[in-house]
Amino acid sequence: MQQPVLIAFLLTLFAGLSTGVGSGIAFFAGESKVGFLSFGLGFSAGVMVYISFVEILPKSIDSIAGVYDPKLATWIGVGGLFLGMVITALIDKLVPEHENPHEVRSHEDLDRLKSKSASSEEVRSSSSLMRTGVLTALAIGIHNFPEG
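The UniProt record's numbering numbers the first residue of the sequence shown as 1 and each following residue consecutively.
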């Protein structure tokens, strides 16, 4: 096997195994811990921000530079990134709290969510949540399909 092919294979294998290990942690972690969940979400957000800056932003600037001056392309790319952040923050602020509870801030909040009795509305909400989860998983799968 040629060296570049071997490196590509090993990196792909590592990425696949990492995904498996991550999902294994989620399945075998047992009782949810707020600190563990916070760490995981923070780490994931950090990875996504890193990928945005290191990989996606330079590619978008190169694409824009095919049409505009490279300096202007840089401003457009960086401006688009920050505009996306602002739009996301606005959406987060404008969505009503009862439609989208933003944060579990303490163990008491988590315990209150766990101890709710299963009324018919909560069961309906649970099936709605399951539907949302399945559709999200499907959307992510379709999104990642071109990458392999």
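The C-beta atom is built at its ideal place from N, Cα and C for all residues, glycine as well.
Quiz prompt | Three-way DSSP call (helix, strand, coil) for residue 40 in this model | solution = Here residue 40 is taken as the residue at index 40 of the sequence shown, counted from 1. Residue 40 sits in a helix when the DSSP states are folded into three classes.
Practice problem: Starting from residue 62, trace the alpha helix (DSSP H) both ways and give me its first and last residue. | Solution: Your numbering for residue 62 matches position 62 in the sequence shown. Counting along the chain, the alpha helix (DSSP H) containing residue 62 begins and ends at 57-65.
Quiz item: In whole angstroms, what separates the C-alpha of residue 3 from that of residue 14?
Solution: One-based indexing of the sequence shown puts residue 3 at position 3. One-based indexing of the sequence shown puts residue 14 at position 14. Approximately 16 Å between the Cα atoms of the pair.
Practice problem: Confirm, please, whether the CB-CB distance from residue 77 to residue 61 is below 7 Å. | Solution: Residue mapping note: residue 61 aligns to position 61 of the sequence shown, counting from 1. Residue mapping note: residue 77 aligns to position 77 of the sequence shown, counting from 1. A contact, by the Cβ cut-off of 7 Å.
Self-check item: residue 81 and residue 57 closer than 7 Å at C-beta
Solution: Taking the first residue of the sequence shown as position 1, residue 81 is located at position 81. Taking the first residue of the sequence shown as position 1, residue 57 is located at position 57. Contact flag set, yes.
Self-check item: Residue range of the alpha helix (DSSP H) that includes residue 70
Solution: Numbered from 1 along the sequence shown, position 70 holds the residue referred to as residue 70. Residues 70-94.
Exercise. Give the straight-line distance between the Cα atoms of residue 44 and residue 53, rounded to the nearest whole angstrom.
Key: Here the question's residue 44 lines up with position 44 in the sequence shown. Here the question's residue 53 lines up with position 53 in the sequence shown. The straight-line gap from Cα to Cα measures roughly 14 Å.
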